[in-house]
Each structure stands twice: as structure tokens, then as C-alpha cells.
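A short write-up of the structure that comes next.
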Amino acid sequence: MSDDDNSPISAREAKRLFADLKAAPALVLAVSGGPDSVALMWLAARWQRSLARGPHLTVVTVDHGLRREAAREAREVKRLAAELGLPHRTLRWRGAKPKTGLPAAAREARYRLLAQAARAAGASHVLTAHTRDDQAETLLMRLLRGSGIAGLSAMARLSERDGILIARPLLDVAKSQLVATLKRAKVGFADDPTNRDTAFTRPRLRALLPQLAAEGGDVRNLARLAARLARANAAVEVLADGAERFLRVRDRGDAPHLRGARSFDASAFAALPEEVRLRLLLRAVNAFGHEGPAELGKVEALLAALDQAIAGPRTAANGRPMLKQTLAGALISLAGGRIHIAPAPTRRGKGGS
1 MSDDDNSPIS
11 AREAKRLFAD
21 LKAAPALVLA
31 VSGGPDSVAL
41 MWLAARWQRS
51 LARGPHLTVV
61 TVDHGLRREA
71 AREAREVKRL
81 AAELGLPHRT
91 LRWRGAKPKT
101 GLPAAAREAR
111 YRLLAQAARA
121 AGASHVLTAH
131 TRDDQAETLL
141 MRLLRGSGIA
151 GLSAMARLSE
161 RDGILIARPL
171 LDVAKSQLVA
181 TLKRAKVGFA
191 DDPTNRDTAF
201 TRPRLRALLP
211 QLAAEGGDVR
221 NLARLAARLA
231 RANAAVEVLA
241 DGAERFLRVR
251 DRGDAPHLRG
261 ARSFDASAFA
271 ALPEEVRLRL
281 LLRAVNAFGH
291 EGPAELGKVE
301 ALLAALDQAI
311 AGPRTAANGR
321 PMLKQTLAGA
331 LISLAGGRIH
341 IAPAPTRRGK
351 GGS
């Protein structure tokens, strides 16, 4: 992209942004009415028109039912989409809204509805308008939560959710460039006041960005850090893949895997780097647990307990497991020099038989 964060995006730059999506049969554009998503719609429409045979585009607006202005904004998006020759749908998040964790719940609902719309439209991808600014804010939020390398990689340009690919073609673009693009095109957009509501974490961090920029932590540098961490995370994932293959090959013939469980030779496992051991454990717990993704901190504590048990006596008294505990619906045990991970028994209610 241009080094000038205040210059409009040219047709040539837009073509490069969407180049990887040219062969898709159909795309859903997630458009709320704010400047970022309206610019995504305008740029995507212009790009599609430049192609001899481009993907079919459908614009989708999700009304979370949290602001009275949202319905009017959705109608305005529909009007803009019609001017660009694009079909539009408004989807509503119905039902009771949680009293706590509202942003996260709204995000989950939005992606669920967008995935449903993509399937209905025969689309392979949902395009969102996340920008470099959003990437920097996401990095800060996860940093303050104490996320690991994977979390600090922030958002990927391409990810999968509910069987649909989520593409973020504007992830390296500054928000100011999108605003400049719309101003040059004389295209209006909505202003969502919740983006400035300090009751939520993201707006509070957004307000701190000018101070961080004065110390060298501007949006461009923070986004660059996220990209570098993503690169490191990808390398560790390759190492974890190789370690998993190594452990499985080693196990052939002397200790076949149990059906519906995973088993590692404890000594071979202990010889791996700590970050790789952590990832293998996290993968196994998430694969066989039935209570949702395991928290990183709890997996770290489990790994520490395993390391301590492996380093202790080779056998426990009476042949009982040297370690046995549950995490996220998975049962983890250390016995006979092997680590076993399997689904934990379902918890019964007090009235169960």
C-alpha cells in the first residue's frame, strides 16, 4: 500500500488488495455503514467491474438490535449497495442480550449470521473491513490479557470460521486512507458512537494510541509487531506438527494409540521444547475435551504438573497414575511412562443415577 496514510486508494492498489479473491465464485461483504466497511463495499464493487468475469458480490448488514440508529444505517447501506448494483440483506441478532461480555457475544453472533448468509449465497468467503488500526488495537487488547504468541499474532488476513473463509483484504490499510477514498468519491458513511464509548475496552485503548505513538508505538509499528509474531507463531506450528509426527511414528509397534484418545511416550515428550510441548498438549485437550477451548494459563499449569511428575519416580505406588486431572472436558493422566489424553466422563447432575 501507499506510504501516505491519507491518500485515497487507487484502482491499481485496490486490484492488488483483492487479487487473491478473483477466482472465488461468490463473496459476501460485511458492511455496517461505517467508513471502513463502506469503503470495502465501494472498492470491491469497483474491482469487480474491472474484471471480465468476477465473483458475485452480496452485501450483508448485521443489525445487533443494540442501537435505534442501526436500522436506519442498514437502510442507507442498502441504498448505497443498490447504487453500486449489488444485492443487499439485513440480518438481525434476535433474542436476549447478555449483561456482561456484550462485545464478544455480538461478535460471535455477527460471524454466525455472516456464515449463514455466505452459505445461502454460495459464497466461499466473507470479507470484513478490518484495518491496520484494528490490528494494532487487537494486539494491545491481547497483550494486556497476557495472550501467548498465537494470540499476539492478532488477526490473520485469511482465517476459517463455521466452514467459511474470513478474508480481511484491508488489514494492511490505514483507516485514514479509507476515509480519504470515500471523501474523494463523495460517498457518505455512518458514525457509530459506540466506537468512542469508554465503557468498552477497545475505545479506551483507541484513545491511548496517540500517547503510544508519541513514544514510537504507532499503529504501523504495532501492526508490524503483530505480523512478526504471526511469522514466529507459524514457525512454532510447523515445529509442533513435526513433533506430533515424531511422537506418533515412535509409538508405532510398541504402544498403539487408543481409539478416541491420544497417548505420548512421556520421555520423548519431555525432550521437546517447552512451547512445542505446550502446543501438543493444547491440541490434544481441545481435540478430546468437550467443554470448549482450554485456557492457555490452565494448560501451562497442567504442563508444569506433568513436567514435575515426569521428572519424579518412574512408577507410582500400587501402580496408580502419577498424575490424573481433567481440563476443559478432557482427562489427562500419566501412568506407565506414558501421557494419555481422552474425553473425561460427562459430569452428572445431583439427581443423576
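Heads up: the sequence shown begins at 1 in the UniProt record's numbering, then just goes up one per residue. Glycine included, each C-beta is placed from N, C-alpha and C at the ideal position. Computed from a prediction, not measured in an experiment: that's the story for all the values here.
Do the CB positions of residue i and residue j come within less than 7 Å of each other?
i, j, result
"Ala344", "Ala294", "no"
"Leu303", "Leu278", "yes"
"Ala223", "Ala136", "yes"
"Ala243", "Phe288", "no"
"Lys175", "Asp133", "yes"
"Leu296", "Gly65", "no"
"Val60", "Ala30", "yes"
"Ser37", "Ala129", "yes"
"Ala118", "Val28", "yes"
"Val236", "Glu275", "yes"
"Thr131", "Val173", "yes"
"Ala26", "Gly122", "yes"
"residue 354", "Ala154", "There is simply no residue 354 to check, as the chain begins at 1 and stops at 353 in what is shown."
"Arg262", "Ile341", "yes"
"Ala115", "Asp162", "yes"
"residue 362", "Leu152", "Nothing about residue 362 can be read from this structure; the chain reaches only from 1 to 353."
"Pro87", "Leu182", "no"
"Val299", "Leu281", "yes"
"Gln177", "Asp5", "yes"
"Leu17", "Pro193", "no"
Residues bridged to residue i by DSSP?
i, result
"Val60", "Ala30 and Arg89"
"Thr326", "Leu331"
Can you tell which of the options has its C-alpha closest to the C-alpha of residue i?
i, options, result
"Pro8", "Leu143, Leu40, Ala123 and His88", "Leu40"
"Arg204", "Phe264, Gly217, Gly101 and Met141", "Met141"
"Leu334", "Met155, Ser267, Gly216 and Leu278", "Ser267"
"Arg75", "Gln116, Ser32 and Ala52", "Ser32"
"Thr201", "Leu144, Ala82 and Leu280", "Leu144"
"Asp70", "Asp191, Leu152 and Gln308", "For clarity, residue 70 is Ala in the given sequence; the question names Asp instead. Comparing Cα positions, the closest option is Asp191."
"Val126", "Val285, Leu209 and Leu57", "Leu57"
"residue 423", "Pro25, Gly34 and Ala44", "Examination of residue 423 is not possible in this model, given that the chain is present from 1 through 353 alone."
"Leu113", "Ile339, Leu247, Trp93 and Trp47", "Trp93"
"Ala52", "Leu306, Leu86, Thr326 and Ala23", "Ala23"
"Leu85", "Ala199, Ala11, Ala284 and Arg46", "The residue asked about is misnamed: residue 85 is Gly in this sequence, not Leu. Cα-wise, what sits closest to Gly85 is Arg46."
"Ala89", "Ala81, Gly146 and Leu229", "In the sequence as displayed, the identity of residue 89 is Arg instead of Ala. If we check each option's Cα against that of Arg89, Ala81 comes out closest."
"Leu306", "Glu108, Ile339, Gly101 and Leu280", "Ile339"
"Gln48", "Arg68, Arg67, Asp197 and Leu21", "Leu21"
Check residue i in the structure and name its three-state DSSP category.
i, result
"Ala255", "Model confidence at Ala255 stands at a pLDDT of 44, short of 50, so the residue's coordinates are unreliable; what they give is reported in the following sentence. Coil, per DSSP."
"His340", "strand"
"Leu127", "strand"
"Arg53", "coil"
"Arg262", "strand"
"Asn6", "coil"
"Lys97", "coil"
"Ala74", "helix"
"Pro193", "helix"
"Met155", "coil"
"Pro273", "coil"
"Asn233", "helix"
"Ser147", "coil"
"Asp218", "coil"
"Gly242", "helix"
"Pro35", "helix"
"Arg79", "helix"
"Asp307", "helix"
"Thr346", "coil"
"Arg228", "helix"
"Leu281", "helix"
"Val171", "Inspection of the sequence shows that residue 171 is occupied by Leu rather than by Val. Coil at Leu171, not helix or strand."
"Leu247", "helix"
Which stretch, first to last residue, makes up the beta strand (DSSP E) that contains residue i?
i, result
"Ser267", "Here Ser267 belongs to no beta strand (DSSP E); instead the alpha helix (DSSP H) covers Ala266 to Ala270."
"Arg161", "Leu158 to Arg161"
Starting from residue i, follow the alpha helix (DSSP H) in both directions and report where the run begins and ends.
i, result
"Ala23", "No alpha helix (DSSP H) holds Ala23; DSSP gives it neither H nor E."
"Leu140", "Arg132 to Leu144"
"Leu165", "Segment Ile164 to Ala167 is the beta strand (DSSP E) holding Leu165; no alpha helix (DSSP H) there."
"Thr181", "Lys175 to Ala185"
"Pro210", "Thr201 to Ala214"
"Glu295", "Where Glu295 is concerned, there is no enclosing alpha helix (DSSP H), given that its DSSP letter is neither H nor E."
"Val113", "For the record, residue 113 in the displayed sequence is Leu; it is not Val. Here the alpha helix (DSSP H) through Leu113 covers Leu102 to Ala121."
Would you say the beta carbon of residue i comes nearer than 6 Å to a heavy atom of the ligand MG?
i, result
"Arg79", "With respect to the ligand MG, the structure shown offers nothing to examine, as it has no ligands at all."
Using 7 Å as the limit for Cβ to Cβ distance, is residue i near chain C?
i, result
"Lys324", "The structure shown contains no chain C, having only a single protein chain."
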